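Scroll down for the structure; my scribbles are underneath it.
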């Protein structure tokens, strides 16, 4: 794979790592057997390695010796009214001290209340009160971790009547107040735009592009009138179009392919990632429609190893 690592950077000074995939247990055998991982970098789910000092940590150390690694979390609970979970944050920092990631990211959401983790990424009211609350927590976490925190836009399936801002306006103001970085998940934008009937391109154009350090692409699933962010299908054509726009606006940032269920063999995963290079080169992409599923079929996808 031709690397674009090092080309371009955000105003945070974080470099373009090139093209990467999520490190998943299904691919451990391939990665331990083959010297060339075929990608420029890896993203780990932080929670999968915090308390895991066995074989998974051994694989991670092996991968880290070969490629840059980014830590991506799903339990920081940044939007919750609960106090910050300092036990969690200390474990996160301890892992970061070992891994030395290029950056640490999590989501604009809340994941639990009263100490209970829902293991879901839940939206919050997008208004001034929420902005002040989240900004204060982001600053506190950045001071503790001693590194910029990168915030990702979630996929959403409901909205609060108390919201006064669009999500892109909220994120722009959050960046202004905290100088955090942004992880723009273009699939999440596409999913939420469909579910809430807004313009996905307006969302992408409305962000502070100089603070975007990473992009996520993935394949969603259509269920009834809704799109679900399942990470279990090839990336559809419309998401690739949005991805290309985002790369043009940012000047080029790190690309990560997410795939968390129905996970293909590693070479097939890399082949899907290679489509990102083809898109940026202006090559025509085969038409890939949204995968659709019947209303009575359960939809479940999680990157967390329970």
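Numbering (my numbering), first residue to last: 3 to 308. Glycine included, C-beta positions come from ideal geometry on N, C-alpha and C. Quick caveat, the model's predicted, so the values are computed rather than measured.
Exclusion of the five residues before and after residue 183 leaves 14, 150, 152, 213 and 215 as the residues of its chain whose Cβ lies within less than 6 Å of its Cβ. Excluding the 5 residues flanking it on each side, residue 61 has same chain C-beta neighbours closer than 8 Å at 25, 30, 33 and 34, in chain order. By the C-beta density criterion, residue 235 is buried, having at least 16 other C-beta atoms within 10 angstroms. Using a 10 angstroms sphere on the CB of residue 68, the tally of other CB atoms stays under 16, which defines it as exposed. In the three-state reduction of the DSSP assignment, residue 79 falls in the coil class. Within the same chain, Cβ atoms closer than 6 Å to the Cβ of residue 193 are found at 157, 222, 229 and 231, the five residues on either side in sequence being excluded. When Cβ pairs closer than 8 Å are counted between the two stretches, the stretch 129-141 is seen to touch the stretch 161-172, the count reaching three or more. Around the C-beta of residue 250, fewer than 16 other C-beta atoms lie within 10 Å, and the residue is accordingly described as exposed.
When C-beta atoms of the stretch 95-106 are compared with those of the stretch 133-142, fewer than three pairs fall below 8 Å, so the two segments do not count as touching. In this structure, residue 220 and residue 237 form a Cβ contact; the two beta carbons are roughly 6 Å apart against a cut-off of 8 Å. At the C-beta level, residue 281 and residue 246 come within 8 Å of one another. Looking at the DSSP output, residue 73 bridges to 46 and 106. Within the stretch 150-191, the runs of alpha helix (DSSP H) at least 4 residues long that lie entirely inside it are, in chain order, 169-180. At the C-beta level, residue 48 and residue 16 stay beyond 8 Å of one another. Using a 10 angstroms sphere on the CB of residue 39, the tally of other CB atoms reaches 16 or more, which defines it as buried.
Residue 248 counts as buried, since no fewer than 16 other beta carbons sit within 10 angstroms of its beta carbon. About 6 Å separates the Cβ atoms of residue 22 and residue 42, confirming a contact at the 8 Å cut-off. Secondary structure at residue 216: strand, using DSSP grouped into helix, strand and coil.
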